[in-house]
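See below for the structure under consideration.
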Amino acid sequence: MSLNLEPHSTTTIDGVGIYIHIPFCKQACFYCDFHFSTSLKKKDELIDALILELELRKTEFETNTVATIYFGGGTPSVLSLDEINRILNAVFTNYAVTENPEITLEANPDDLSESKIIELSKSKINRLSIGVQSFFEADLKLMNRAHNADEAKRCLTLATQYFDNISVDLIYGIPGASHKQWQDNIQTVLDFNIPHISSYALTVEPKTALDALIKKGKIENVNEAQAEVQFHMLIEQLTAHGFQHYELSNFGKSGYFSVNNSAYWQGKKYIGIGPSAHSFTGESRSWNIANNSKYIKAIQSKTLPSEIENLSDNDKYNEYIMTGLRTIWGVSLQTIETQFGSDFKAYLLAQSDKYLKEELLYLDGDTLKISNKGKFLSDGIASHLFKI
């Protein structure tokens, strides 16, 4: 399933999303700070727990249909098709699912053999999100990726034969990677006629292997100026080839925006299943414990191992500002006034004035949007518009 969400469209996404966290990886990428384990010893128990959690939570959104199912991680492609189908069967058994849901599987190139791609194409999975990151060996080694450049190209050659709806992840701002190499990375994806690209700056998260290697002087630190140049190269190259820059890190051709992620950015409800997974009801957020063993034990005792935060008006306003400014849909001043009141609208306009004058923000009718000039600074700008 793909959805055509044009920049000025009033299209809304009906239904809720289910995110399923698969906390296993073959090896640890040096930059990653997500919850995962490189040991597969508890995989069977974990899958049983995911299925039981789906059953335990089936009444949470029982008046809503499920529009998207997203397998994230970790590396969901380490699962066999039988294991994926067991989880999907639990979703379809316990929830009302729309007729054509978007069902995405995150995958790494080294997991996608031709036989596995063919199997997946015959399953309910209808969208692949493939973590390529780079087509250069030096980049892949620096990040400790499990695949090599040839595997990435082989994977895309095969995947495009069996799947129409494919997204590829790329990372920019990699130390030592020239602007020419970055341009070549983008062009390689374009050559495969991939309809969706997600791209992120390499970020040094505390306590990751990358953080330690930089502190020891074994890898040079990331360069923000390099990342900014490559970010704008990305925008220019992709928009010239018919992609819409519909969210800060996401580019899609018409009809291929991620329905799952668009729902997040538009404040739709979702259920997060699995260790460390987050859920959102519109009024509160909750998150499961980020420990596989403790998660399994709690679910086996039919206890949800989660913490809950009820959201204040300030929280909801701040979230709308952050997500809205990241997208082509922007921040509607009418929505601010309707949902939060005239004081919030006045505050937003006052805080925005500086950025409007600097042309980092602009008004498109009644909607506040980030300019191309301001996109790389988006998160910082948004934080200055927050109400504390």
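Numbering of the sequence shown is given in my numbering, commencing with residue 549 and proceeding in unit increments. We put the beta carbon where it would ideally sit given N, CA and C, even for glycine. Being a predicted model, the structure only gives us computed values, none of them experimental.
Output yes or no for whether 7 Å exceeds the beta carbon distance between residue i and residue j.
i	j	result
Ala638	Gly563	no
Leu500	His789	Residue 500 cannot be examined here, being either before or after the span of the chain that is shown, 549 to 936.
Cys577	Met691	yes
Asn633	Glu603	no
Val626	Val680	no
Leu706	Glu667	no
Glu631	Ile595	yes
Leu676	Ala655	yes
Asn840	Pro571	yes
Ala838	His569	no
Asn866	Phe934	yes
Phe740	Leu718	no
Ala773	Ile869	no
Ile599	Pro649	no
Ser746	Ser797	yes
Glu753	Asp927	no
Ser880	Thr915	yes
Tyr720	Tyr567	no
His695	Asp658	yes
Ile714	Ile742	yes
Ile884	Leu896	yes
Thr613	Ala644	yes
Would you mind reading off the limits of the alpha helix (DSSP H) that contains residue i?
i	result
Gln887	881 to 888
Ser841	840 to 848
Arg675	Where Arg675 is concerned, there is no enclosing alpha helix (DSSP H), although the beta strand (DSSP E) it sits in stretches over 675 to 681.
Ser671	Where Ser671 is concerned, there is no enclosing alpha helix (DSSP H), given that its DSSP letter is neither H nor E.
Asp984	It is not possible to answer for residue 984, since the shown part of the chain is limited to 549 through 936.
Gly928	926 to 933
Cys703	697 to 710
Asp630	629 to 642
Ile599	591 to 604
Glu906	Counting along the chain, Glu906 falls outside any alpha helix (DSSP H), and DSSP gives it neither H nor E.
Val737	727 to 739
Ile762	757 to 763
Glu685	685 to 691
What are the boundary residues of the beta strand (DSSP E) that residue i is part of?
i	result
Arg833	832 to 836
Lys917	915 to 918
Leu718	714 to 720
Glu538	It is not possible to answer for residue 538, since the shown part of the chain is limited to 549 through 936.
His826	826 to 828
Ser854	854 to 858
Ile821	818 to 821
Kindly indicate which residue of the options has the alpha-carbon position closest to the one of residue i.
i	options	result
Thr875	Ala838, Phe805, Tyr794	Tyr794
Ala749	Ile742, Gln778, Phe684	Gln778
Lys591	Leu881, Pro823, Leu911, Ile856	Pro823
Leu852	His583, Thr613, Glu593, Arg605	Arg605
Ile673	Lys728, Gly913, Pro624	Pro624
Gln709	Ala725, Ile665, Thr736, Gln731	Ile665
Ile863	Glu608, Glu699, Glu855, Phe892	According to the sequence provided, residue 863 is Asp. The question's Ile does not apply to it. Of the listed residues, the one whose Cα sits closest to Asp863 is Phe892.
Gly820	Phe791, Asn713, Ser854	Ser854
Glu610	Gly565, Leu588, Thr586, Leu636	Gly565
Glu831	Gln882, Thr736, Asp861	Asp861
Phe619	Ile678, Leu600, Thr586, Asp581	Ile678
Gly622	Leu653, Asn771, Asn696	Leu653
Gly724	Asn771, Ile734, Asn696, Phe791	Asn771
His744	Tyr579, Ser802, Thr586	Ser802
Asp698	Asp712, Phe711, Thr736	Thr736
Ala597	Leu588, Phe584, Ile635, Lys589	Ile635
Phe888	Gln792, His583, Leu859, Lys905	Leu859
When DSSP builds the beta bridges, which residues end up paired with residue i?
i	result
Gly800	His744, Gln792
Asp658	Paired residues: none, contrary to the question.
Tyr618	Tyr567, Thr652
Thr875	Glu795
Ala749	Tyr720
Val645	Val614
Ser810	Its beta-bridge partners do not exist; DSSP assigns none.
Phe584	BP columns for Phe584 are empty, so no partner.
Phe572	Ser585
Taking 6 Å as the cut-off, is the CB of residue i close to at least one heavy atom of the ligand FMN?
i	result
Ile566	Looking for the ligand FMN in the displayed structure turns up nothing, as the structure carries no ligands at all.
Looking at C-beta atoms only, is the number of pairs between the region 755 to 770 and the region 805 to 817 that lie closer than 8 Å three or more?
no
Should the region 842 to 856 be called in touch with the region 911 to 922, which here means at least 3 C-beta pairs below 8 Å?
no
Should the region 834 to 845 be regarded as contacting the region 680 to 687, the criterion being three or more beta carbon pairs within less than 8 Å?
no
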